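Take a look at the structure set out below.
Number of protein chains: 2
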Amino acid sequence: MSSSARLCGVTIQDRRERERAERHQLIIDAARDLAEQEGWDAVTTRRLAEKVEYSQPVLYSHFKGKDAIVRAVAIQGCGDLARVLREARPSRGGSRLRAAAEAYLRFARERPALYDAMFVQRSDIPWGTDEVPRELLDAFGELVAAVEPVRRDRDPEALTEVFWSSLHGIATLVRGGRLRPVHDDTRLDLLLGALSLAQHEDGL
Amino acid sequence: MSSSARLCGVTIQDRRERERAERHQLIIDAARDLAEQEGWDAVTTRRLAEKVEYSQPVLYSHFKGKDAIVRAVAIQGCGDLARVLREARPSRGGSRLRAAAEAYLRFARERPALYDAMFVQRSDIPWGTDEVPRELLDAFGELVAAVEPVRRDRDPEALTEVFWSSLHGIATLVRGGRLRPVHDDTRLDLLLGALSLAQHEDGL
DNA sequence: TCCCGTCGCTAGCAATGCTAGAAATCCAGG
DNA sequence: CCTGGATTTCTAGCATTGCTAGCGACGGGA
Chain A
1 MSSSARLCGV TIQDRRERER AERHQLIIDA ARDLAEQEGW DAVTTRRLAE KVEYSQPVLY
61 SHFKGKDAIV RAVAIQGCGD LARVLREARP SRGGSRLRAA AEAYLRFARE RPALYDAMFV
121 QRSDIPWGTD EVPRELLDAF GELVAAVEPV RRDRDPEALT EVFWSSLHGI ATLVRGGRLR
181 PVHDDTRLDL LLGALSLAQH EDGL
Chain B
1 MSSSARLCGV TIQDRRERER AERHQLIIDA ARDLAEQEGW DAVTTRRLAE KVEYSQPVLY
61 SHFKGKDAIV RAVAIQGCGD LARVLREARP SRGGSRLRAA AEAYLRFARE RPALYDAMFV
121 QRSDIPWGTD EVPRELLDAF GELVAAVEPV RRDRDPEALT EVFWSSLHGI ATLVRGGRLR
181 PVHDDTRLDL LLGALSLAQH EDGL
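Going line by line, the protein sequences match chains A and B.
Here the first sequence is numbered in UniProt numbering, starting from 1 and rising by one per residue.
Here the second sequence is numbered in UniProt numbering, starting from 1 and rising by one per residue.
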């Protein structure tokens, strides 16, 4: 096996692995698309298998179970969020903090299913200390950078966690219809004003 | 039917209604207990029916479906939260805002399943303008009162929404293992300091 | 050409939310 | 104390879910 592989230049094995990787990604994309179109309830193994034009057992040769598929979607979603935050530039007269906050909330609003997989649904993604996926660190890093201008002498990570938590709380409560849309703007102004700690309280 | 009821003093009809109401509450309590002990995944109609010592169809004579049961648990949970917040008195040297925040986070930490039903799980509880359950208004009212001392000239409802959102974000992200427990104290200090807007920044 | 290993599919299992129709229960009236 | 009729409760089952065992087909190496 190994000798033949070496002789023919690993092309057969390689092609198979490549095709497998493509199908792996195809499953993730299909799951995300289906979830974004009809919600996670609609993402059943049967419908997903139908969408990728394979049978259900194929899914299980790529992922340990449905949860693992959702997790893969969530991790790639963190990559998306990191990109969105990185490209969020302050508009005229706005701070970087505000730009990041608005980009974050827009992401949560426009891609609710993806956001749910990332931050709402129960998952065993290791956020702690060990093998944290790079995408997560990227996203968090963008938030840290956004907070830096108003950090003062406060702990960067803790402050970022507060910023993130507030945005996450707003995003999920708004999504659940638990906050009044009337206050959307005021709410964000108040949060940013409080975090910036009265640097210029013109808006108040 | 009505004549006999009037004659015998509505005792038969009354007793039936009372027993029905008791069973109604029994189902809610059983669902909450089961969820708090083993999580919502363990709350199946069969296990719930077994716990109340009836068969599944009985559940459906009281509630439209499983979602309605969860919703009933959630609404009563809001009553619990309102009570907890009302009884949260500032400890020595602490502000009312801090007392409320700590009580809120303790509630979310100690009763995660109940908290999930109230604020995380998707539900069609009318939070908007129409028939909002009293328990919800009570809980929100307690938060409004807690925020009042640091309100200044800011909009009370919007500020309360910010406060609530931040607490909710912290509670859910901590619960999901997405924030570092090391920062638990610092995080709350930063949030309260920001919302109080540097009234006295000794802690920083 | 044959053979073996990999691959994907068909068919099925247990568990879920929910419901129809049978069975049991209960309370007047005789 | 019985009996009829209505209400209530249970048994049994359906469709759907996540997941898996075991068979068949395909393809590359001798």
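Glycine is no exception: its CB is placed at the ideal position from the N, C-alpha and C atoms.
Predicted model only: the values in this text are computed from it and were never measured.
For residue 157 of chain B, the uninterrupted alpha helix (DSSP H) run begins and ends at 156 to 175, by DSSP. A residue is called buried when at least 16 other Cβ atoms come within 10 angstroms of its Cβ; residue 39 of chain B does not meet this threshold and is exposed. With respect to the C-alpha of residue 28 of chain A, the residue from A:14, A:123, A:49 having the closest C-alpha is A:49. A direct Cα-Cα distance of roughly 14 Å separates residue 179 of chain B from residue 123 of chain A. The Cβ atoms of residue 194 of chain A and residue 197 of chain B lie closer than 8 Å to each other. Taking a Cβ-Cβ cut-off of 8 Å, the neighbours of residue 166 of chain B in chain A comprise 162, 165, 166, 169, 191, given in sequence order. A direct Cα-Cα distance of roughly 16 Å separates residue 21 of chain B from residue 64 of chain B. As the crow flies, the alpha-carbon of residue 134 of chain B is around 13 Å from that of residue 72 of chain B. Here DSSP, grouped into helix, strand and coil, assigns residue 125 of chain A to coil.
The beta-carbon distance between residue 128 of chain A and residue 177 of chain B, rounded to whole angstroms, is 6 Å. This is short enough to meet the 8 Å contact definition. Assigned with DSSP and collapsed to three states, residue 112 of chain A falls in helix. Contact annotation: the region 82 to 101 of chain B touches the region 138 to 156 of chain B, with at least three C-beta pairs closer than 8 Å. The alpha-carbon separation between residue 79 of chain B and residue 109 of chain B amounts to approximately 17 Å. The beta carbon of residue 44 of chain B sits no closer than 8 Å to any beta carbon of chain A. Residues of chain A whose Cβ lies closer than 8 Å to the Cβ of residue 108 of chain B do not exist, since the nearest Cβ in that chain is about 11 Å away. Within the region 119 to 143 of chain A, those residues whose Cβ lies closer than 8 Å to any Cβ of chain B are, in chain order, 119, 120, 122, 123, 127, 128. Cβ contact annotation for residue 121 of chain B (same chain, cutoff 7 Å, sequence separation greater than five): 70, in chain order. Excluding five sequence positions before and after residue 100 of chain B, the CB atoms of its chain that fall closer than 6 Å to its own CB belong to 85, 88, 146, given in chain order.
A straight line joining the alpha-carbon of residue 185 of chain B with that of residue 102 of chain B spans about 10 Å. Here residue 186 of chain A carries a helix assignment [DSSP, helix/strand/coil]. Counting along the chain, the unbroken alpha helix (DSSP H) around residue 57 of chain B starts and ends at 56 to 62.
Between residue 168 of chain A and residue 169 of chain B, the C-beta spacing is below 8 Å. Against chain A, the CB of residue 74 of chain B has no partner CB under 8 Å away; the residue lies outside that interface.
Put simply, the backbone Cα of residue 66 of chain A is about 7 Å away from that of residue 45 of chain A. Spanning the alpha carbons of residue 90 of chain A and residue 164 of chain A requires a straight line of approximately 18 Å.
Of all residues in the region 174 to 186 of chain A, only 176, 177, 178, 179, 180, 183, 186 place a beta-carbon less than 8 Å from a beta-carbon of chain B. In this structure, residue 32 of chain B sits away from residue 136 of chain B, with a CB-CB distance that is not shorter than 8 Å. Per DSSP, reduced to three states, the secondary structure at residue 39 of chain B is coil, with no helix or strand assignment. Ranked by Cα distance from residue 75 of chain A, the first of A:15, A:138, A:57 is A:138. DSSP places residue 31 of chain A in the helix class (H, G or I) of the three-state scheme. Inclusion of residue 159 of chain B and residue 162 of chain A in the CB contact set at 8 Å is not warranted, their separation being larger than that value. The shortest C-alpha to C-alpha distance from residue 82 of chain B to any of B:58, B:107, B:59, B:42 is the one to B:107. One thing to note: residue 157 of chain B has its Cβ within 8 Å of the Cβ of residue 183 of chain A. Under the DSSP assignment, residue 94 of chain B falls outside any alpha helix (DSSP H); it carries neither an H nor an E label.
When DSSP states are grouped into helix, strand and coil, residue 46 of chain B belongs to the helix group.
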